[in-house]
Every structure is written in C-alpha cells, then in structure tokens.
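Working notes, beginning with the structure itself.
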Amino acid sequence: MTLPTPAVSELMLDTLRRNGRVNDTLLAAIRPEEYALQDGEGGWTVAGHLSHLAAFRVGWLLEISPGHAAGLMAPFAGVNPWAWESRDPAVLGTVFREGDAAAVEAVQAALAEGRTFPDPHGEGTYQSNPAHFLQHIVVHDSHHRGQIMSLLRRGGRTPQEMQALDEHWAIWRA
20 MTLPTPAVSE
30 LMLDTLRRNG
40 RVNDTLLAAI
50 RPEEYALQDG
60 EGGWTVAGHL
70 SHLAAFRVGW
80 LLEISPGHAA
90 GLMAPFAGVN
100 PWAWESRDPA
110 VLGTVFREGD
120 AAAVEAVQAA
130 LAEGRTFPDP
140 HGEGTYQSNP
150 AHFLQHIVVH
160 DSHHRGQIMS
170 LLRRGGRTPQ
180 EMQALDEHWA
190 IWRA
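Under the numbering used here, the first residue of the sequence shown is numbered 20, with each subsequent residue one higher.
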C-alpha cells in the first residue's frame with residue numbers, strides 16, 4: 020500500500036515528548052527497593068513493567084524497521100529485548116529516550132517513502148498510518164504506568180506520597 024507523504028504532526032511529536040517526560044518523572048520517583056514490588060499474584064514487578072516499557076520500542080522496531088533498532092541493542096547485552104530487565108534508572112531512561120528517537124525516525128522514514136511498516140504477524144500492524152506506532156507507544160506506556168502506580172500504592176506509599184506523584188501528571192497540561 021502506498022500512502023500520501025504527510026509528516027508526523029507537531030502535536031503527535033509533542034505528545035510523545037510529554038509522554039517521555041512522564042516516564043522520566045516516574046523513573047526518578049521509584050525508590051531502589053520498589054523495583055521488586057509485585058502484586059503477589061504472579062504479576063510483573065515494577066522493574067519488569069519499566070523494562071518492558073523501555074524495551075517495547077526496540078522490540079517493535081526489530082519487527083517493523085530493523086535498521087532503526089540496530090543502534091539500540093547495546094544495553095540489552097545480547098538478551099532478547101522482550102526478556103530484558105533492568106533496575107538502573109539511568110539505563111532505563113537511556114533506553115526510553117533512544118527508543119523514542121528511533122521510533123520517530125522510523126515513522127518519518129516510512130512516511131517520507133510513502134509506505135507502511137511490514138506486518139510480520141498478520142495483525143494489520145500500523146497499516147493505515149505508520150504514525151500509529153507512536154500512538155501505540157503512548158497508550159502502551161500509560162497502561163503500564165497505571166499498573167506501576169497500583170504496585171507503588173500496594174507497596175506502602177502513603178496517600179500523601181501518591182498524591183505528590185499524581186501531581187507530576189500536570190506535565191500533560193503544560
């Protein structure tokens with residue numbers, strides 16, 4: 020399918036930047052001992068959620084635009100991104116930021132060439148517009164951040180601490 024060659028809207032790019040700031044804020048708020056929190060029912064740990072969020076970009080880029088993932092593999096040290104876990108906020112932050120930049124570059128390249136991304140699993144992956152990958156990142160991050168917030172609350176954060184963390188979401192309104 021050949022698509023018209025629109026650019027990624029400034030609004031979408033700003034949305035992704037704001038999403039990145041929310042991720043940075045959450046990373047800065049996580050205490051070292053909280054990376055091990057889990058729900059006690061077999062769910063992921065905070066570290067598992069954060070690592071999955073960060074690696075999600077690279078994992079999908081390996082499927083839909085491998086050339087844009089190639090320079091992002093060093094932090095994974097040979098581990099499949101979908102199985103990788105880190106508790107280092109600096110490493111996680113780097114993987115988030117570099118993954119976002121590569122995702123934007125991949126989308127812009129696909130749009131400039133008037134093409135969609137490959138659909139390796141026959142799911143209709145971003146076939147109507149490659150920029151849907153960027154939307155997927157934002158929605159996916161939001162989903163997992165909600166789970167992380169729940170784990171923090173269940174892990175002993177006080178109502179006041181949770182309220183203070185909630186106040187950081189004003190980033191979206193700035």
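All C-beta atoms in this analysis are idealised placements derived from N, C-alpha and C, irrespective of residue type, glycine included.
Keep in mind the model is a prediction, meaning the values are calculated, not measured.
- In the structure shown, R50 adopts coil according to DSSP, grouped into three states.
- For R106, the three-state secondary structure derived from DSSP is coil.
- Rounded to whole angstroms, P137 and E82 show a C-alpha spacing of 8 Å.
- Membership of M181 in the alpha helix (DSSP H) is indicated by the continuous run 178–185.
- Ranked by how close their Cα comes to the Cα of G86, the residues A109, L35, G118, D33 have G118 in first place.
- Judged by beta-carbon spacing, P108 lies beyond the 8 Å limit of L170, meaning their Cβ atoms are not closer than that value.
- Taking a contact to require three or more Cβ pairs closer than 8 Å, the segment 97–117 and the segment 173–184 do not qualify as touching.
- Per DSSP, M168 is one residue of the alpha helix (DSSP H) stretching across 151–173.
- Counting of Cβ neighbours within 10 angstroms places G39 among the buried residues, the total reaching 16 or more.
- For P85, the enclosing alpha helix (DSSP H) starts and ends at 85–88.
- Beta-carbon to beta-carbon, G78 and W101 are separated by about 5 Å, close enough to satisfy the 8 Å threshold.
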